[in-house]
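Each remark here refers to the structure printed beneath this line.
2 protein chains.
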Amino acid sequence: MNQPTNKNYQLLCSHFQSISHFEHLSALGDWDQAAMMPIGGGEARGAAMAELAKHIHSLKTAPMLEQTIAAAELEALTAQQQANLREIRYQYQQANIVPGSLVEAKTKAAYKCEQAWREQRSQNDWQGFRPNLENVLALAKEEAQIRAEALNISPYDALLDKFEPGMTSTRLEHIFGGLKSWLPGLIEQIQEKQRHQDRFQIPHASSDAQALLSRDVMTLLQFDFNHGRLDTSSHPFCGGVASDVRLTTRYDEADFTSGLMGVVHETGHAKYEQGLPLKWRGQPAGVARSMAIHESQSLFCEMQLGRGSAFLKQLQPMLQQRLDCNLSHEQLLNIYSRVTPGHIRVDADEVTYPCHILLRFEAEKALVGNQLAVADLPDFWSAQMQSLLGINTDGDYKNGCMQDIHWAVGEMGYFPSYTLGAMYAAQFRVAMEQQLGSMESLVASGHLSSVTGWLEHNIWSKGSLLTTDELVQQATGETLNPEYFKKHLLQRYGA
Amino acid sequence: MNQPTNKNYQLLCSHFQSISHFEHLSALGDWDQAAMMPIGGGEARGAAMAELAKHIHSLKTAPMLEQTIAAAELEALTAQQQANLREIRYQYQQANIVPGSLVEAKTKAAYKCEQAWREQRSQNDWQGFRPNLENVLALAKEEAQIRAEALNISPYDALLDKFEPGMTSTRLEHIFGGLKSWLPGLIEQIQEKQRHQDRFQIPHASSDAQALLSRDVMTLLQFDFNHGRLDTSSHPFCGGVASDVRLTTRYDEADFTSGLMGVVHETGHAKYEQGLPLKWRGQPAGVARSMAIHESQSLFCEMQLGRGSAFLKQLQPMLQQRLDCNLSHEQLLNIYSRVTPGHIRVDADEVTYPCHILLRFEAEKALVGNQLAVADLPDFWSAQMQSLLGINTDGDYKNGCMQDIHWAVGEMGYFPSYTLGAMYAAQFRVAMEQQLGSMESLVASGHLSSVTGWLEHNIWSKGSLLTTDELVQQATGETLNPEYFKKHLLQRYGA
Ligand SMILES: [Zn+2]
Ligand SMILES: [Zn+2]
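If you read the protein sequences in the order shown, they are chains A and B. According to full-length UniProt numbering, the first sequence is numbered sequentially starting from 1. According to full-length UniProt numbering, the second sequence is numbered sequentially starting from 1.
The following block contains the structure:
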């Protein structure tokens with residue numbers, strides 16, 4: 001026989017390769033909109049992106065897929081091909097649940113809301129933002145309802161499932177409930193301990209100088225500038241495609257320290273993308289595993305590695321050269337291990353960060369579950385901030401419920417990934433150190449590439465060939481175990 | 001009857017609106033590739049752009065179009081709707097001539113060639129560039145042959161027709177033959193006259209300062225930064241879409257003067273795009289009329305307006321402020337009316353420029369007509385440069401046949417548009433001055449917006465609602481008449 005024995009599978013690969021080309025353009029449009037596009041270009045861009053989303057959706061729901069997938073499942077495939085086919089079926093199922101018209105409406109509403117948000121946030125314009133958010137939420141709820149019925153789960157769980165397949169609010173309530181039992185006490189303890197620490201003057205640093213510093217730090221982390229670039233945007237993110245990763249950051253000239261760690265964080269995302277298996281580029285098995293695993297890589301970089309003593313020692317000469325900054329190693333360590341309840345999630349330290357996620361998790365659940373109206377969100381926010389972190393946000397929408405881009409673009413159900421990612425990162429570190437010895441020693445002795453090598457081997461190069469549980473099991477010997485995160489915090493910050 | 005009486009026409013409008021959304025993404029991909037993309041991203045981008053081109057092609061050749069267009073032609077339409085329908089049929093016909101597989105192959109070869117060219121040109125690497133160009137040319141010839149058979153014209157004419165519908169090599173040989181009869185004599189005469197003029201030291205100007213100056217000049221020309229932006233690329237161009245025009249330029253720190261006029265030139269293109277009729281956005285009647293008309297607008301800006309005394313007087317304080325440049329008005333006038341035979345087309349003055357086009361016209365005709373092999377192009381180039389401008393380019397590929405992007409991306413038949421554009425620009429100016437009086441006086445008295453207003457009313461706002469001949473006839477009272485260009489050169493430079 002000359003015919004390939006897996007022709008249905010090959011046909012699917014070719015079809016999903018086409019889809020990945022359109023997704024490439026979608027990633028480019030997203031990045032450009034955030035980093036480059038003038039506001040006046042927004043309407044036409046929104047229409048173009050909606051058309052593209054509709055087209056991608058129609059490709060993912062092509063009528064031939066049902067029987068081609070069924071036929072491919074009977075073909076002789078390698079284990080990796082079977083994994084790719086599993087992901088193909090998953091993508092097909094996910095797309096089929098939601099009608100194309102809803103996808104298009106969601107994309108349009110999200111673009112409109114996001115574009116206005118960029119201005120509105122800076123002007124603390126809650127009244128302007130509210131109706132846009134209501135539109136986006138209404139469509140998100142419509143999607144949640146449709147997914148819930150198809151998957152026979154609750155509407156909010158149906159949104160969680162988009163970012164963390166299999167995750168439920170019950171499991172999250174258990175995990176987050178555990179956090180709630182010991183985290184507030186720890187925060188109080190640390191604040192007490194840090195009360196009498198010296199505060200240092202952070203030197204002024206121009207955006208240009210910080211941009212050069214950022215490139216140095218990305219180079220230290222082995223970011224491949226032949227396959228990516230760094231720009232600025234109002235909300236830092238890591239976008240683009242694996243062969244051309246687009247990082248963005250923002251520079252605060254009065255305080256470079258949070259922007260610097262922002263770059264380290266986004267570089268963690270970027271390294272994951274750049275390290276995805278070359279062999280599987282353009283196939284569903286070749287993409288990043290999940291949002292929580294993605295965050296685990298950025299938070300590994302930022303929290304486990306980036307705030308460690310050895311890495312900060314390597315940053316010190318760069319700070320001196322690029323910013324003329326003379327902070328000592330002890331001062332840097334001190335700055336980067338400060339625990340301070342604050343308004344802004346992306347600026348939060350790793351100890352108070354989960355509180356921001358708890359708040360958003362509760363708010364999302366209530367918004368999607370109709371227990372909370374958008375109009376009441378600011379009051380809800382302020383009350384939660386008060387109870388979790390002792391902070392009042394009355395009237396301060398900009399630094400309150402308007403601070404994040406996620407809801408503006410309709411991404412409800414995403415936030416829990418951040419704290420799951422922090423937990424996975426702590427778990428990965430322990431597994432890595434069991435095999436390689438202390439990460440601090442490796443970095444101090446110039447063996448940072450052993451650390452990235454472990455991540456590449458165990459996480460990046462796996463793409464989506466394994467399920468999340470398989471991935472974590474193979475890398476660490478067990479599935480998600482929040483205890484490692486607790487141990488990490490106690491070890492770094494405990495009394 | 002509740003049904004609209006022009007439902008076929010409405011269906012076509014909606015279909016071409018969709019196409020315009022994909023063309024929006026194509027324009028973004030092109031701009032990004034030239035201005036932003038790291039080289040390593042090129043392969044995946046090339047594949048994505050080829051997929052997109054194939055998709056756009058399939059939309060333009062959708063089987064339903066033939067009978068829908070025929071049915072729409074029987075419907076009751078306004079004159080403008082009829083014009084839109086004419087353009088829809090034209091686009092459909094153009095797309096139908098060429099098979100989708102060839103479109104895809106062309107796009108892929110062009111991307112490969114262009115991406116390599118960016119490096120190869122700077123390294124004078126003709127041997128590296130040659131095989132890529134041969135691939136691109138082979139596909140262009142294949143396209144030319146198919147078009148030639150469908151339109152019953154010669155292969156090269158079939159390529160000309162893509163950029164200037166209806167233009168033929170016979171007509172061009174006539175127009176360019178006229179030029180040849182008097183232009184070399186004029187160039188000699190001017191060189192003799194300018195031989196004893198003083199040469200001035202051009203002050204060094206940083207890229208950053210030139211970028212600020214560029215923005216000032218674009219603002220003077222009323223470029224709308226809410227619907228566009230300025231960046232740098234190795235080959236300056238005007239891309240993007242009408243609602244978000246993306247200009248690029250490049251800065252020579254040792255000589256800002258050519259880059260400055262480059263920005264004025266591209267802003268001319270941009271103003272045309274930004275001035276296209278809002279009502280027809282996304283429809284074939286709403287796009288720019290032709291390549292020659294596009295060049296007429298950039299060359300009007302750069303040559304008719306930009307090198308005039310009154311405009312240069314307005315630039316002077318900007319040069320002082322941004323570049324600390326103290327050139328006098330007379331010195332500026334002198335610099336911008338210098339005629340100097342040189343290697344580089346984009347740096348050429350308006351008198352020697354047509355010689356660069358004559359060369360490329362002859363080369364394209366011969367390459368497409370199989371009278372010239374790519375391997376012999378450098379010798380052909382050098383011989384022509386010698387005879388037209390007295391310049392030897394032996395071994396200097398970088399500043400010879402590798403200087404332009406056009407052939408690298410498969411655009412054969414485009415070059416004549418530049419000189420046609422220069423001729424249209426001169427003709428438009430005469431017509432404008434018959435209605436408004438001297439342009440120099442208008443600019444000198446602060447009425448630059450009368451000039452742009454005339455262009456907007458007569459050219460920009462017409463989109464493609466008129467044919468080229470109708471457009472020029474309505475604006476100037478006659479179709480293309482090369483005499484105005486001759487008069488312009490004689491008046492500005494003649495003895
Ligand atoms: Zn992140
Ligand atoms: Zn031009």
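No residue lacks a Cβ here, since even glycine has one placed at the ideal position from N, Cα and C. Because the structure is a prediction, the values reported are computed rather than measured.
- Of all residues in the stretch 200-231 of chain B, only D224, F225, N226, H227, G228, R229 and D231 place a beta-carbon less than 9 Å from a beta-carbon of chain A.
- Scanning its chain for C-beta atoms nearer than 6 Å, with the 5 sequence neighbours on each side dropped, one finds around R147/B the residues I97 and A158, in chain order.
- Neighbours of P38/A in chain B, taken as residues at a C-beta separation under 8 Å, are given in chain order as F225, N226, H227, G228, R229 and D244.
- E295/A has its CB nearer than 6 Å to a heavy atom of ligand 1.
- Under the DSSP definition of a beta bridge, R229/A partners with R246/A.
- Close partners of A110/B in chain A (Cβ separation under 7 Å) are lacking, with about 16 Å as the shortest Cβ gap.
- Using a Cβ distance threshold of 7 Å, L221/B and T267/B count as a contacting pair.
- Beyond the five residues adjoining it in sequence on each side, A475/A comes within less than 8 Å, by CB distance, of F428, A431, N458 and I459 in the same chain, given in chain order.
- Taking the Cβ atoms as the reference, L25/A lies roughly 6 Å from L52/A, within the contact range of under 8 Å.
- For A44/B, the residues of chain A that pass the 7 Å Cβ criterion are H24, V241, S243 and D244, in the order they occur in the chain.
- Listed by position along chain A, the residues whose Cβ is nearer than 8 Å to that of D32/B are L28 and D32.
- Contact note: G41/A reaches chain B through H227, S243 and D244, using a C-beta cutoff of 7 Å and chain order.
- Less than 7 Å divides the Cβ of E87/A from the Cβ of S464/A.
- Counting every other CB atom within 10 Å of its CB across the protein chains shown gives Q304/B a total of 16 or more, marking it as buried.
- Between the beta-carbon of N84/A and that of P284/A there is about 6 Å, and that keeps the pair under the 8 Å contact cut.
- For Y272/A, the closest C-alpha among the options E253/A, L247/A, Y251/A and F256/A is that of L247/A.
- Residue contact with chain B for E114/A: absent (no Cβ-Cβ distance below 7 Å to any residue of chain B).
- In the DSSP assignment, C355/B falls within the alpha helix (DSSP H) that extends over Y353 to V368.
- Residue-level contact by beta carbon holds for A47/B and chain A, with a gap shorter than 7 Å.
- CA-to-CA, the gap between G400/A and G177/A works out to about 23 Å.
- Collapsing the DSSP output to three states places C401/B in coil.
- The way I'd put it, the stretch 114-134 of chain A doesn't touch the stretch 310-317 of chain A; fewer than three beta-carbon pairs between them come closer than 8 Å.
- By the Cβ test, the stretch 405-417 of chain A is in contact with the stretch 105-117 of chain A, since at least three Cβ pairs between them sit closer than 8 Å.
- The stretch 381-401 of chain B and the stretch 356-371 of chain B touch, with three or more beta-carbon pairs separated by less than 8 Å.
- If you check the C-beta of S298/B against ligand 2, you find a heavy atom less than 6 Å away.
- C238/A: member of the beta strand (DSSP E) spanning C238 to V241, first to last residue.
- Using a Cβ distance threshold of 7 Å, A35/A and D231/A count as a contacting pair.
- Residue nearest to T61/B within the set F300/B, G40/B, E73/B and H15/B is H15/B (criterion: CA-CA distance).
- Inside the stretch 156-223 of chain B, DSSP marks whole alpha helix (DSSP H) runs of 4 or more residues at positions 169-194 and 207-220, from first to last along the chain.
- Taking a C-beta distance under 7 Å as the contact criterion, E302/A and M261/A qualify as a contact pair.
- Around the beta-carbon of F200/A, fewer than 16 other beta-carbon atoms lie within 10 Å, marking it exposed.
- V374/A is positioned such that its CB atom lies closer than 7 Å to that of E134/A.
- With a cutoff of 7 Å on beta-carbon distance, T393/B and M385/B are scored as near each other.
- R195/A sits exposed, since fewer than 16 C-beta atoms from the chains shown fall within 10 Å of its C-beta.
- If you draw a straight line from the Cα of F380/A to the Cα of F225/B, it is about 39 Å long.
- In the structure shown, Y9/A falls within a helical segment according to DSSP collapsed to helix, strand and coil.
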